[in-house]
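Residue numbers (the working numbering), protein chains in the order written: chain A, 9 to 222; chain B, 2 to 238.
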């Protein structure tokens with residue numbers, strides 16, 4: 009893999025969104041991944057709808073949580089995703105208002121990534137931003153810099169937040185993952201969280217996945 | 002800044018009976034501070050409360066007018082149960098106005114104001130400023146920290162446009178905010194990277210609230226995960 013890579017510099021990442029008081033991080037993580045995949049296949053960056061998943065993904069629990077693997081399957085079943093503008097985010101579950109006529113992006117399948125962080129980095133650099141999940145304990149009070157909490161604060165088996173890996177690199181010799189979060193731009197570094205890379209910290213390596221667009 | 006309301010206008014002053022437990026505590030605190038600030042050999046204690054009221058202002062502000070008299074105890078004896086001199090010898094030394102600011106959720110009290118005058122005089126005069134009264138004890142430092150904490154909380158509320166429905170809720174959020182500052186400090190001191198932790202828009206939420214509102218417990222339940230095909234490793238450099 010290259011020493012560093014950041015999909016924000018290559019136009020594959022939409023602006024930071026805000027899930028509000030709703031546990032819909034899984035939807036933001038998955039749409040972020042599909043936005044990147046769609047961009048890499050078609051050359052256009054489109055902001056996609058999370059509300060469609062909150063309302064219409066029957067395999068998941070809307071604001072009470074969900075799983076990226078279920079979301080990919082639901083998107084395949086539904087036939088694709090509408091744009092953010094057409095099916096806007098409200099942060100509350102409502103009845104499904106999806107219409108296939110407004111689909112702008114579809115997926116064909118989904119993949120589970122290796123748990124080796126070096127392989128994840130190589131895959132990301134070659135294929136686009138990756139949906140991941142982690143233990144978010146240290147994130148509540150994070151402001152900036154590269155976060156490297158002690159393991160006792162960040163049990164890798166207590167994964168409770170889905171996010172999007174958009175890049176990686178080193179800052180002052182500290183390797184890190186650049187993570188797009190969904191708590192608004194006033195969180196962390198303009199909405200991003202940087203996590204130490206290389207020691208499977210906070211379980212960041214456990215749930216890497218991506219949609220496939222043929 | 003102490004006089005400016007933090008959560009809305011202060012409540013109206015309420016007159017108190019001498020038996021009010023909060024008032025008793027405030028009187029003891031005022032007495033203690035009063036004695037620290039005088040050169041008298043004997044302890045003086047409140048022999049009569051002339052009037053007392055309390056007001057909700059970021060805690061409770063007690064306003065007490067009291068008569069203080071000499072006891073038979075020398076200051077050095079540090080006895081709490083000192084008898085007053087018999088009535089015939091009782092020297093009504095002073096009448097004082099005290100303002101005590103009590104913050105129950107922090108277990109701290111501050112003497113905001115003390116005006117005393119000899120019992121015979123008609124109007125009280127300010128004998129000491131708070132700074133002069135109290136040497137910088139650990140209690141004084143705690144009070145400074147309380148004021149700093151309130152300042153930080155106020156800034157947090159303004160920055161993140163936080164509003165609380167009642168004084169009780171505001172008090173509770175302040176407690177949580179205080180606790181979270183300690184957690185952030187712990188994370189900061191033990192962080193092995195270059196991160197900065199501190200006040201964020203989630204600083205008034207308990208860990209449980211934060212988790213139930215913003216996080217996703219389903220992610221850790223492995224048995225719910227739908228199997229997916231493994232991705233082929235990256236091929237090129």
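We treat Cβ as the ideally placed atom computed from N, Cα and C, and that holds for glycine.
* **Cross-chain neighbours of residue 154 of chain A in chain B, by beta carbon under 7 Å** => 194, 195, 196
* **Cα-Cα separation, residue 121 of chain A to residue 86 of chain A** => 24 Å
* Which term fits residue 113 of chain A, buried or exposed, when burial requires 16 or more other beta carbons within 10 angstroms of its beta carbon? -> Classified as buried, residue 113 of chain A has 16 or more neighbouring CB atoms from the shown chains inside 10 Å of its CB.
* Kindly identify the DSSP beta-bridge partner or partners of residue 1 of chain B. => The shown model of chain B, from 2 to 238, leaves out residue 1 of chain B, and the question about it has no answer.
* Could you check how far apart the C-beta atoms of residue 20 of chain A and residue 177 of chain A are, in whole angstroms? I think they sit under 8 Å. => The beta-carbon distance between residue 20 of chain A and residue 177 of chain A, rounded to whole angstroms, is 16 Å. This is too long to meet the 8 Å contact definition.
* Beta-carbon spacing of residue 46 of chain A, residue 221 of chain A below 8 Å -> yes
* **Spatial distance of residue 80 of chain A from residue 37 of chain A (CA atoms)** => Here the alpha carbon of residue 80 of chain A sits roughly 11 Å from the alpha carbon of residue 37 of chain A.
* To do: Could you give the DSSP three-state label for residue 209 of chain A: helix, strand or coil?
  => helix
* To do: Tell me, to the nearest whole angstrom, how far the beta carbon of residue 15 of chain A is from that of residue 44 of chain A; I am working on the premise that it is less than 8 Å.
  => 6 Å
* Buried versus exposed, by CB contacts within 10 Å (16 or more), residue 70 of chain B -> buried
* **Neighbourhood of residue 119 of chain A by C-beta distance below 7 Å, restricted to the same chain and skipping five residues each side** => Correct list, in chain order: 217, 218, 220.
* If we ignore side chains and look at the alpha-carbon of each, how far apart do residue 165 of chain B and residue 175 of chain B end up? -> 11 Å
* Have a look at A:128, A:77, A:42 and flag the residue whose alpha-carbon is nearest the alpha-carbon of residue 223 of chain B. => A:77
* To do: Please check the pair residue 30 of chain A and residue 71 of chain A, which I expect to be a contact at CB under 8 Å, by giving their CB distance rounded to whole angstroms.
  => 4 Å
* Asked: Does DSSP classify residue 152 of chain B as helix, strand or coil?
  -> helix
* Residue ranges of each beta strand (DSSP E) run of no fewer than 3 residues wholly in the region 103-161 of chain A, ordered along the chain? -> 117-120, 138-142, 150-152
* **Three-state class that DSSP yields for residue 245 of chain B in the structure shown** => The structure shown does not extend to residue 245 of chain B, since chain B spans only 2 to 238, so no value can be given for it.
* Thinking C-beta only, is residue 89 of chain A closer than 8 Å to residue 111 of chain A? -> yes
* **Meets three-Cβ-pair contact criterion under 8 Å: the region 190-210 of chain B and the region 163-174 of chain A** => no
* To do: Using a Cβ cut-off of 8 Å (strictly closer), state whether residue 237 of chain B contacts chain A.
  => yes
* **For residue 47 of chain A, three-class secondary structure by DSSP** => helix
* Where does residue 39 of chain A land, buried or exposed, given buried means 16+ other C-beta within 10 angstroms? -> buried
* Cα separation between residue 42 of chain B and residue 34 of chain B? -> 15 Å
* Asked: Does the distance from the C-beta atom of residue 233 of chain B to that of residue 153 of chain A stay below 8 Å?
  -> no
* To do: List the residues of chain B whose Cβ lies closer than 8 Å to the Cβ of residue 161 of chain A, in chain order.
  => 188, 191
* To do: Using a Cβ-Cβ cut-off of 8 Å, state whether residue 226 of chain B counts as contacting chain D.
  => The structure shown contains no chain D; the protein chains it does contain are A and B.
* May I have the straight-line CA-CA distance separating residue 18 of chain B from residue 56 of chain B, to the nearest angstrom? => Approximately 14 Å between the Cα atoms of the pair.
* From residue 172 of chain B to residue 22 of chain B, what does the alpha carbon distance come to, in whole angstroms? -> Cα to Cα, the separation comes out at about 20 Å.
* Should residue 138 of chain A be labelled buried (16 or more other beta-carbon atoms within 10 Å of its own) or exposed? -> It counts as buried.
* **Members of the region 163-182 of chain B near chain A, C-beta cut-off 8 Å** => 181
* With DSSP run on the structure shown, which of helix, strand or coil describes residue 80 of chain A? -> Helix at residue 80 of chain A.
* What residues in its chain sit with their C-beta under 7 Å from that of residue 201 of chain B, if we drop five residues either side in the sequence? -> Correct list: empty, nothing qualifies.
* Within the 8 Å Cβ cut-off, does residue 153 of chain B reach chain A? -> no
* Asked: Mind listing which residues of the region 86-97 of chain A have their C-beta closer than 7 Å to chain B's C-betas, in chain order?
  -> From the region 86-97 of chain A, no residue has a Cβ closer than 7 Å to chain B.
* Quick one, which of A:26, A:17, A:214 has its alpha-carbon nearest residue 123 of chain A's? -> A:214
* Asked: Excluding five sequence neighbours on each side, which residues of the same chain lie with their C-beta closer than 7 Å to the C-beta of residue 193 of chain B?
  -> none
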